Amino acid sequence: MNINDIHSILLEKFGEAAVGSAPVEATDPWIVVSPESIVEVGTFVRDDERLQFDHLNDLCGCDYFEPDEKKAAKFGHDPHIEVVYNLSSIELKHYLKLKVILPRWKDDVDGQLPEAPSVSTVWKIADWHEREAYDLVGIHFTNHPNLRRILCPEDWVGHALRKDYDFPLEYHGVRGR
Amino acid sequence: MSLTIEDPRVVEFDVQTDEMLVNMGPQHPSTHGVLRLLLRTDGEIVHECTPHIGYLHRCAEKIGENLCAPQWIPYTDRMDYLAAMNMNLGFALTIEKMIGMEVNEKARHLRVFIAELGRIASHLVGMGAYGLDLGTFSPFLYAFREREIILDFFEDICGARLTCSYVTMGGATHDLPESIDVPDGLAALLKIPKGGHKPFFEVIEMFLSWLEKRVAEYHALLTNNAIFIKRTAGIGILTREMAISHGCTGPVLRGSGVDYDLRRDGEPIYTRMYADYDFKVHSAPFKDAPRDVVLGDCWSRFYVRMVELVEAIGIVRQSIPKYQAAEGSHKDTFKFNTKLPKDEVYLETECPRGQMGFYVVGNGTAEPLRTRAKSSCFCNLSITDHICAGVPLADVPAVVGSLDIVMGEIDR
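One line per chain: the protein sequences are D and U, in this order. Those letters in the first sequence? Residues 625 to 801, per the numbering used here, in order. Those letters in the second sequence? Residues 15 to 426, per the numbering used here, in order.
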C-alpha cells in the first residue's frame, strides 16, 4: 500500500483538520498529523486491518533552526520542531512516516517546551523514545507516565540537540571546554 | 490462597522479608557495559527492575550535525563496537539511499561477505559472554579464540581490528587482499606451520570449515547442557505481542516467534544486497528444543543466535564465488564533501543485535541537519523491567544477558 492510499484512508477517517498533506516527491514521503489527533491516528493505523502498523521503529525529534543570522536566509525552513514517527508493519511489511509539527517554544515564550501528546499507550516503546526526545530535543510529552531525562543526568541544564544549545562551561566542577 | 504452617513444605514461603533496594551495577560483570539496574527485591525475588542508562553517552548525534557523512562513519563504529562493520554498512546505505546511489556488483558482494563475517564475530561474543553470565568460563574462551581470528582477517583487510570504519559510501575503503599470512591463531588450531602465505579466500575457507565443526562443540557445552537449560528455559518469557509493542528486533524478536528479518523483509536498497543469496530466517519455536523451553524465553533467544551463526557461515561461503566473478571496482566515487540534498531518509538494517536505524536530514550542505541513530539494544533493553519482574535475583543476569546488549549502542 503506498503513501497516497494511506493518506486518503486517514483523510476520510479524520478529516483535513487532523491530517495534513503528504509530499510525494520526497524519498520517504510522510503524512503530517496535528498534535491533538496523533494518539487517535496512531491507534487507528495500529489497529486497522489494512494498515497494521504495530511496530514503532523510531520516534525522534528534530530542531529546524539556524542560529547563525548570515546562514539563516539560506536555511529555507521556518523555525520549528518536528516529531517523526517511523512505523512499520510486521505482518504486511510496509512502512509509514508520520510527523507532528510543533513550534520551537510553546506560545513563543522562550524556555517553555512545546507539547505533544504521548503515544506510549499505543506503542510501549514510545515511552523510552519520548524520554530521549524530551531529554535531548526538549519536547514535553503530555500524559507520559514517567517523563524524566534518560541519557543525561537529572540535573543537566538544557536540551543538547537544540540548535541554539549553549555548551556548559562546567558541570559539577568538571571543565567542559 | 492462604498458607498454613501445618505443612512443613510451605513454611519457607511464609517468612515475610523486608523489601530492599539493590543496586546492580553501574559496573557489573554481567551487564556488558555501564548499566545500573535498580532492583526492588523481597528476599530472593525481584519485584521491580529499573534500568538506568546514559553512563556512556558521547553525544554522537550532536557531533554528527557538525561533520560530513564520511567523517561520521568512525562514530558508528564506536556505537556497536562488537559489530562495527554492520553499523558502517547501515549508515553508508542510508546516505546512498538519500543521494540515489547504487553500488556496483563487486562492492555489493564484498559488503555481504564482510557484514556476515561481522555477524559471526558478534554472535560468538553473544554466545561466549552469555555463558560467562551463567557461570561457565570455557565457552567464553573458545568464542574469543575464534573471534580473534576474524579480527585478524579484519586487520588484514583494513588495518583495524575493532573499530574498522571499512564499509563506506560507494563501497568499501579498500579491496579485499589477494593473499594473506595465515593468522597465527588459526595456524596453531589447524596444526600447520606458522607464517605461511596463502590466497585470502583459501584461508577464509580453512577458517569457516574449522568453525563449522566447532559449532557442534558449543551445542554440547551450552545449548544441550542440562545446567544451561535449567538456567535459561522458561525464564524471562517475552510474548509475541509484547515484543512487537516494545519495538524489540533481531534475535529477541525472532526468539519470541516473529518471523521477521530485514535481510529478507526490509527496504529494497538493503534486500537487493541479499537477493541472489540462499538463506533461511530462523525463529522460535524450534523443533529440536528441550522439553522445558517456552516460546520467547532466554533459551530461545540464545538459540536464534546460534542458528544464525551457522546460517551466516553459509552466506559467507556463497558470497566468495560471487565476489570473485563480479566485475567492477570495490568503490564508486563519493566525494568527501558531497552535498546532501534537502531531503530526509530513514533506513534500518539488520545488525547482529537487531534493527539499527539511521535517520538523516539533509539541508543542501555537506553536514546534515540531523543525524539520528536508533539503536536496537535501546528498545531491547526497555523490556527488562517487564521480564525481570518476579524472577529470582540470580536469574537477572540470565535475562539481561539473553538480550545481548552493548551499552555503547544504547547510549551513543
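Ideal Cβ placement from N, Cα and C applies to all residues, glycine included. These numbers were taken from a predicted model, which means no experiment stands behind them.
Sorting Leu-775(D), Asp-734(D) and Pro-659(D) by C-alpha distance to the C-alpha of Pro-741(D) places Pro-659(D) at the top.
Sequence-distant partners of Met-34(U) (beyond 5 residues in either direction) whose C-beta falls short of 6 Å from its own C-beta, in its chain, are Thr-55. Our two residues, Gly-271(U) and Arg-278(U), have alpha carbons roughly 16 Å apart in a direct line. Taking the Cα positions, Val-295(U) is about 10 Å away from Pro-265(U).
Secondary structure note for Ala-740(D): its beta strand (DSSP E) is the uninterrupted segment 739-741.
Secondary-structure assignment with DSSP links His-704(D) through a beta bridge to Tyr-688(D). What His-679(D) touches in chain U, judged by beta-carbon distance under 8 Å, is Ile-258 and Gly-261, going in chain order.
A residue is called buried when at least 16 other Cβ atoms come within 10 angstroms of its Cβ; Asn-767(D) does not meet this threshold and is exposed.
Residue contact check for Leu-720(D) against chain U: no CB pair falls below 8 Å. Cβ-Cβ separation between Ala-97(U) and Ser-136(U): approximately 4 Å, consistent with a contact (criterion under 8 Å). Of the residues assessed, Val-798(D) falls on the exposed side of the cut-off, its CB having fewer than 16 other CB atoms within 10 angstroms. In the structure shown, Lys-111(U) adopts helical secondary structure according to DSSP, grouped into three states. Residue pairing by DSSP puts Tyr-795(D) in a beta bridge opposite Val-798(D).
The Cβ-Cβ distance between Glu-362(U) and Met-93(U) does not fall below 8 Å. The contact set of Val-272(U) on chain D, defined by CB atoms closer than 8 Å, consists of Ile-714 in chain order. Within the same chain, Cβ atoms closer than 8 Å to the Cβ of Ile-194(U) are found at Phe-167, Asp-170, His-211, Lys-212, Phe-214 and Val-217, the five residues on either side in sequence being excluded.
Around the beta carbon of Tyr-719(D), a 10 Å sphere encloses 16 or more other beta carbons of the protein chains shown; the residue is thus reported as buried.
Across the structure, Glu-219(U) and Arg-331(U) are spaced so that their CA atoms are roughly 8 Å apart. Shown here for Val-708(D): same chain residues with a beta carbon closer than 6 Å to its own, the five before and five after excluded, namely Cys-684 and Lys-723 in chain order.
If you draw a straight line from the Cα of Arg-125(U) to the Cα of Trp-224(U), it is about 23 Å long. Among the CB atoms of chain D, one or more fall inside 8 Å of the CB of Gly-371(U). DSSP places Cys-393(U) in the helix class (H, G or I) of the three-state scheme. With 16 or more other Cβ atoms from the protein chains shown falling within 10 Å of its own Cβ, Ser-390(U) counts as buried. One finds Ile-774, Leu-775 and Cys-776 in chain D with Cβ atoms closer than 7 Å to the Cβ of Gly-68(U), taken in chain order. Between the C-alpha atoms of Thr-285(U) and Gly-173(U) there is a straight-line separation of about 29 Å. Closer than 8 Å to the CB of Gly-735(D) there is not a single CB belonging to chain U. Contact with chain U is absent for Leu-726(D), since none of that chain's Cβ atoms lies less than 8 Å from the residue's Cβ. Annotated three-state conformation of Arg-674(D) is coil, per DSSP. Listed in chain order, the positions of the region 384-406 of chain U with a beta carbon within less than 9 Å of a beta carbon of chain D are Arg-384, Arg-386, Lys-388, Phe-392, Cys-393, Leu-395, Ser-396, Ile-397 and His-400.
Linking Ile-258(U) to His-71(U) through their CA atoms gives a straight-line distance of about 26 Å.
Excluding sequence positions up to five before and after Lys-353(U), its CB lies within less than 7 Å of the CB of Gly-378, Thr-379 and Ala-380, all in the same chain and listed in chain order. Pairing Leu-276(U) with Ile-397(U) gives a Cβ-Cβ distance that is not under 8 Å.
The beta carbon of Lys-694(D) sits no closer than 8 Å to any beta carbon of chain U. Tyr-795(D) counts as exposed, since fewer than 16 other C-beta atoms from the protein chains shown sit within 10 angstroms of its C-beta. By the rule that beta-carbons nearer than 8 Å mark a contact, Asp-731(D) does not touch chain U. Interface flag for Ile-763(D) against chain U is unset, since no Cβ pair is found closer than 8 Å.
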